[in-house]
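Notes for the one structure printed next.
Residue numbers (my numbering): 53 to 149.
Set out below in structure tokens:
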């Protein structure tokens, strides 16, 4: 992901309230590790030669749907029960109180 694509995201990878957005812009930045089965033979060879690299991930970010423009008016963060909340989640919870 380029710096330009990430410019409106906070340190947690979440878009800022009040941001104007358009089609395909990132709302929540997310990367997922590539599994061995997702690598083509060339990628497997490069991985064997150079080892684990940051490039072994794919972009699975939440994006603005095609044909949609607008302004972010609210951000809601969901957490699983029993999972430790990060600083961003605690901050949002405090704002709601």
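Positions of the beta carbon are idealized from the N, C-alpha and C atoms, including for glycine.
Please read these numbers as outputs of a predicted model, since none were measured by experiment.
Own chain partners of residue i with C-beta closer than 8 Å, once the 5 adjacent residues on each side are dropped
{"i": "residue 76", "result": "115, 116, 118"}
{"i": "residue 106", "result": "Any reading at residue 106 must be qualified, since the residue scores a pLDDT of 49, below 50, and its modelled position is unreliable; no value is offered."}
Whole-angstrom C-beta distance between residue j and residue i, which should lie under 8 Å
{"i": "residue 123", "j": "residue 84", "result": "28 Å between Cβ atoms; not a contact."}
Spatial neighbours of residue i in its chain, beta-carbon cut-off 6 Å, leaving aside the 5 residues before and after
{"i": "residue 144", "result": "129"}
{"i": "residue 140", "result": "64"}
{"i": "residue 57", "result": "78"}
Element boundaries [beta strand (DSSP E), containing residue i]
{"i": "residue 58", "result": "Residue 58 -> not in any beta strand (DSSP E); alpha helix (DSSP H) instead, spanning 55-58."}
{"i": "residue 111", "result": "109-111"}
{"i": "residue 79", "result": "78-80"}
Chain-order list of residues whose beta-carbon lies under 7 Å from that of residue i (same chain, five-residue window excluded)
{"i": "residue 138", "result": "64"}
{"i": "residue 61", "result": "67, 78, 81"}
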